[in-house]
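*Asks:*
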Amino acid sequence: MKFSIYSSRIRQMIIFVLSAIVLPCGMAYGSAASGSGMTLSKTTFARLPGWERDNQAEALLAFRQSCAEIVNRNPESYKAALQEHVSTQTWQAVCKAAAALHQADNRTAREFFESWFVPFHVRDREDSTGLFTGYYMPVIHARLQADKRYTVPVHALPDDWVKIDLGAFYPDMAGKTLVGQVKDHLLYPYPERRAIIKGALAGKARVLAWADNPVDVYFAQVQGSSLVELPDRQRFIIGYAGDNGHRYTSIGKILIAKREISREAVSMQSIRAWIMRHPDQAENLMNQNASYVFFKKLDYSQPLGTEKIPLTPRRSLAVDQRYLPLGAPVWLSTSVPAYDGKHASKPFQRLLVTQDTGGAIKGIVRGDVYWGSGDQAAYIAGHMNSPGQYWILLPRTQA
Numbered sequence: 181m182k183f184s185i186y187s188s189r190i191r192q193m194i195i196f197v198l199s200a201i202v203l204p205c206g207m208a209y210g211s212a213a214s215g216s217g218m219t220l221s222k223t224t225f226a227r228l229p230g231w232e233r234d235n236q237a238e239a240l241l242a243f244r245q246s247c248a249e250i251v252n253r254n255p256e257s258y259k260a261a262l263q264e265h266v267s268t269q270t271w272q273a274v275c276k277a278a279a280a281l282h283q284a285d286n287r288t289a290r291e292f293f294e295s296w297f298v299p300f301h302v303r304d305r306e307d308s309t310g311l312f313t314g315y316y317m318p319v320i321h322a323r324l325q326a327d328k329r330y331t332v333p334v335h336a337l338p339d340d341w342v343k344i345d346l347g348a349f350y351p352d353m354a355g356k357t358l359v360g361q362v363k364d365h366l367l368y369p370y371p372e373r374r375a376i377i378k379g380a381l382a383g384k385a386r387v388l389a390w391a392d393n394p395v396d397v398y399f400a401q402v403q404g405s406s407l408v409e410l411p412d413r414q415r416f417i418i419g420y421a422g423d424n425g426h427r428y429t430s431i432g433k434i435l436i437a438k439r440e441i442s443r444e445a446v447s448m449q450s451i452r453a454w455i456m457r458h459p460d461q462a463e464n465l466m467n468q469n470a471s472y473v474f475f476k477k478l479d480y481s482q483p484l485g486t487e488k489i490p491l492t493p494r495r496s497l498a499v500d501q502r503y504l505p506l507g508a509p510v511w512l513s514t515s516v517p518a519y520d521g522k523h524a525s526k527p528f529q530r531l532l533v534t535q536d537t538g539g540a541i542k543g544i545v546r547g548d549v550y551w552g553s554g555d556q557a558a559y560i561a562g563h564m565n566s567p568g569q570y571w572i573l574l575p576r577t578q579a
């Protein structure tokens, strides 16, 4: 299908017909509920703040990245949030239409989204405002062999690491997993960060690189990926391979509770600055986060999201997949810290794609924007802590 068939008149006819006869599961009536407290309210693209000012062609490229995974989903076994409203076959039909758009410009991309999707305002019960933060790809300075300076291991997934899909054993626990280690044919909890730092992984996990700064490795684990730079300027990217199964604890919240940093001033930069001022307390502070992340070397120029899709700076969003499906376009309206030094913040209204998850990304109206790498990305991601709203775009058609 070539997009040139979408003249204005024909496109309006398509929208009218599809909206009238194939909106799934009662959504034509304006709202639907999915999950505890989640409400979706149907709206129009004209009512999305800033919709006409965005470059949807960039979002279309990110969406097509997700389509590479969506078209291979098994409709019989794949279960995701909002699956009761929009089937896997429907998403696959939209992806086929997206694949037919070669070198789409902004107008063509905007018309594609308007023709194939309907926007729904996401609410947590009656509250449509939630928290939106940012993450980025940090840099780790490392060597492939340890020496007196490079002593901090960047671990691959351990040999005795096991992840269990509880839904495979108990259908009512679908989506829940358990991580542990096997000893004498029995499963035990995996060691916490403190024990791993003390050597609990010795001989059990390959070391991808040896870093010169434990704080850099810690923040790479929080972000879920990193650029590893070797002394000869060679570089490679590491991405999330798994974790030790322990709950993530924000060390920023710990410093706030101890009144070391104010709530208003907390950021990645302020946390790092505190650690640099208190090197004798750094290890103990980081160990209060029992979660520990393992990495793998990637063959991509960008880190991979949860479904192994390369992330796109300023277009990929991490969400709680208990509520939102991965691979879905989402219109986000929030604000971000200004990097120009002249303004405290500026509006951020654009189309993103749900391509990632995170241990700290929990809740219905909650998201984490991927900013890429570099000083600007680090600054914005480190300082972004903004209220905002979003609208999920759901396909109009049933395949």
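So the sequence shown is numbered by this note's numbering: it starts at 181 and just counts up by one.
Cβ coordinates follow ideal geometry from the N, Cα and C atoms, glycine included.
May I have the straight-line CA-CA distance separating residue 385 from residue 427, to the nearest angstrom?
*Replies:* Your numbering for residue 385 matches position 205 in the sequence shown. Your numbering for residue 427 matches position 247 in the sequence shown. Residue 385 and residue 427: Cα-Cα distance of roughly 21 Å.
*Asks:* Can you list, in chain order, the residues of its chain whose CB lies under 7 Å from that of residue 368, leaving out five sequence neighbours each side?
*Replies:* Residue mapping note: residue 368 aligns to position 188 of the sequence shown, counting from 1. So the list reads 360 and 361, once near-sequence residues are dropped.
*Asks:* Would you call the CB atoms of residue 441 and residue 432 closer than 9 Å?
*Replies:* Counting from one through the sequence shown, the residue named residue 441 turns up at place 261. Counting from one through the sequence shown, the residue named residue 432 turns up at place 252. Result yes, Cβ atoms of residue 441 and residue 432 sit closer than 9 Å.
*Asks:* Could you give the C-beta distance for residue 511 and residue 573, rounded to a whole number, given that I count them as a contact under 8 Å?
*Replies:* Taking the sequence shown and counting its residues from 1, the one referred to as residue 511 is at position 331. Taking the sequence shown and counting its residues from 1, the one referred to as residue 573 is at position 393. Yes, residue 511 and residue 573 are in contact; Cβ-Cβ is about 7 Å, under 8 Å.
*Asks:* Taking the alpha helix (DSSP H) that residue 402 belongs to, which residues open and close that run?
*Replies:* Position 222 of the sequence shown, counting from 1, holds the residue named residue 402. Run containing residue 402: 394-403, per the alpha helix (DSSP H) assignment.
*Asks:* For the candidate residues 270, 264, 260 and 240, whose alpha-carbon lies nearest to that of residue 251?
*Replies:* The residue you call residue 251 lines up with position 71 of the sequence shown. Closest option to residue 251, Cα to Cα, is 270.
*Asks:* Taking only the alpha-carbon atoms, compute the straight-line gap between residue 408 and residue 547 and give it to the nearest angstrom.
*Replies:* The sequence position of residue 408 within the sequence shown is 228, counting from 1. The sequence position of residue 547 within the sequence shown is 367, counting from 1. Taking the straight line from one Cα to the other gives about 26 Å.
*Asks:* At 4 residues or longer, and completely inside the stretch 522-567: list those alpha helix (DSSP H) runs for me, N to C.
*Replies:* For the stretch 522-567, whole alpha helix (DSSP H) runs of length 4 or above, ordered along the chain, are 555-563.
*Asks:* What is the rounded straight-line gap between the Cα of residue 447 and the Cα of residue 289?
*Replies:* Within the sequence shown, residue 447 is the residue found at index 267, counting from 1. Within the sequence shown, residue 289 is the residue found at index 109, counting from 1. Between residue 447 and residue 289, the C-alpha separation is close to 35 Å.
*Asks:* For residue 421, tell me which candidate among 475, 348 and 311 has the shortest Cα-Cα distance.
*Replies:* Translated into the one-based positions of the sequence shown, residue 421 becomes position 241. It is 475 whose Cα lies nearest to the Cα of residue 421.
*Asks:* List the endpoints of the continuous beta strand (DSSP E) containing residue 358.
*Replies:* What you label residue 358 is simply residue 178 of the sequence shown in a count that begins at 1. 357-363 is the extent of the beta strand (DSSP E) around residue 358.
*Asks:* Looking at C-alpha atoms only, which residue of 343, 335, 391 and 258 is the closest neighbour of residue 382?
*Replies:* Within the sequence shown, numbered from 1, the residue matching residue 382 stands at position 202. Comparing Cα positions, the closest option is 335.
*Asks:* Exposed or buried, residue 353, counting other C-beta atoms within 10 Å across all chains shown (16 or more means buried)?
*Replies:* Within the sequence shown, the letter at position 173 stands for residue 353. That one is exposed.
*Asks:* Thinking C-alpha only, which one of 544, 535, 296 and 414 is nearest residue 496?
*Replies:* To locate residue 496, count along the sequence shown from 1; it is residue 316. Per the Cα distances, 535.
*Asks:* Residue 566: which of 531, 557 and 527 sits nearest, CA to CA?
*Replies:* Here residue 566 refers to the residue found at position 386 of the sequence shown. Per the Cα distances, 527.
*Asks:* Using the three-state DSSP reduction, which class does residue 260 fall into: helix, strand or coil?
*Replies:* Along the sequence shown, read from residue 1 onward, the residue named residue 260 stands at position 80. Note: residue 260 maps to coil in three-state DSSP.
*Asks:* Please specify which runs of the alpha helix (DSSP H), each continuous and at least 4 residues long, are wholly inside the stretch 285-332, giving them in chain order.
*Replies:* Within the stretch 285-332, the complete alpha helix (DSSP H) runs of at least 4 residues are 286-296.
*Asks:* Report, in whole angstroms, the separation of the C-beta atoms of residue 533 and residue 243, which I expect to be a contact under 8 Å.
*Replies:* Taking the sequence shown and counting its residues from 1, one reaches residue 533 at position 353. Taking the sequence shown and counting its residues from 1, one reaches residue 243 at position 63. Sure, about 5 Å apart at Cβ, within 8 Å.
*Asks:* Judging by CA-CA distance, which residue of 296, 439, 240 and 314 is the nearest neighbour of residue 402?
*Replies:* Position 222 of the sequence shown, counting from 1, holds the residue named residue 402. Residue 402 has its Cα closest to that of 314, out of 296, 439, 240 and 314.
*Asks:* Indicate the three-state DSSP secondary structure (helix, strand or coil) for residue 575 in the structure shown.
*Replies:* Start at 1 with the first residue of the sequence shown, and residue 575 comes out as number 395. Residue state, collapsed to three classes: strand.
*Asks:* Going along the chain, which residues of its own chain have a beta-carbon closer than 8 Å to the beta-carbon of residue 342, five neighbours each way excluded?
*Replies:* Here residue 342 is taken as the residue at index 162 of the sequence shown, counted from 1. Closer than 8 Å at Cβ, skipping near neighbours: 359, 360, 361, 362 and 367.
*Asks:* If I'm right that residue 570 touches residue 218 with Cβ under 8 Å, what's the distance once you round it to whole angstroms?
*Replies:* By one-based count along the sequence shown, residue 570 stands at place 390. By one-based count along the sequence shown, residue 218 stands at place 38. With a Cβ gap of about 12 Å, residue 570 and residue 218 do not count as contacting.
*Asks:* Look up residue 415 in the DSSP assignment and give the residues it is bridged to.
*Replies:* Here residue 415 is taken as the residue at index 235 of the sequence shown, counted from 1. Paired residue(s): 409.
*Asks:* Short check: CB of residue 552 to CB of residue 493, under 9 Å?
*Replies:* Start at 1 with the first residue of the sequence shown, and residue 552 comes out as number 372. Start at 1 with the first residue of the sequence shown, and residue 493 comes out as number 313. In contact: residue 552 and residue 493 (Cβ atoms closer than 9 Å).
*Asks:* Hey, residue 545 and residue 355: beta-carbon distance below 9 Å or not?
*Replies:* Working through the sequence shown from its first residue, we reach residue 545 at position 365. Working through the sequence shown from its first residue, we reach residue 355 at position 175. Contact flag unset, no.
*Asks:* Can you tell which of 332, 245, 258 and 406 has the C-alpha that lies nearest to the C-alpha of residue 316?
*Replies:* To locate residue 316, count along the sequence shown from 1; it is residue 136. It is 406 whose Cα lies nearest to the Cα of residue 316.
*Asks:* Would you call the stretch 506-520 in contact with the stretch 481-490, where contact means no fewer than 3 C-beta pairs closer than 8 Å?
*Replies:* At 8 Å Cβ cutoff, the stretches touch.
*Asks:* To the nearest angstrom, report how far apart residue 308 and residue 515 are at their CA atoms.
*Replies:* Against the sequence shown, residue 308 aligns to sequence position 128. Against the sequence shown, residue 515 aligns to sequence position 335. Cα-Cα distance, rounded: 15 Å.
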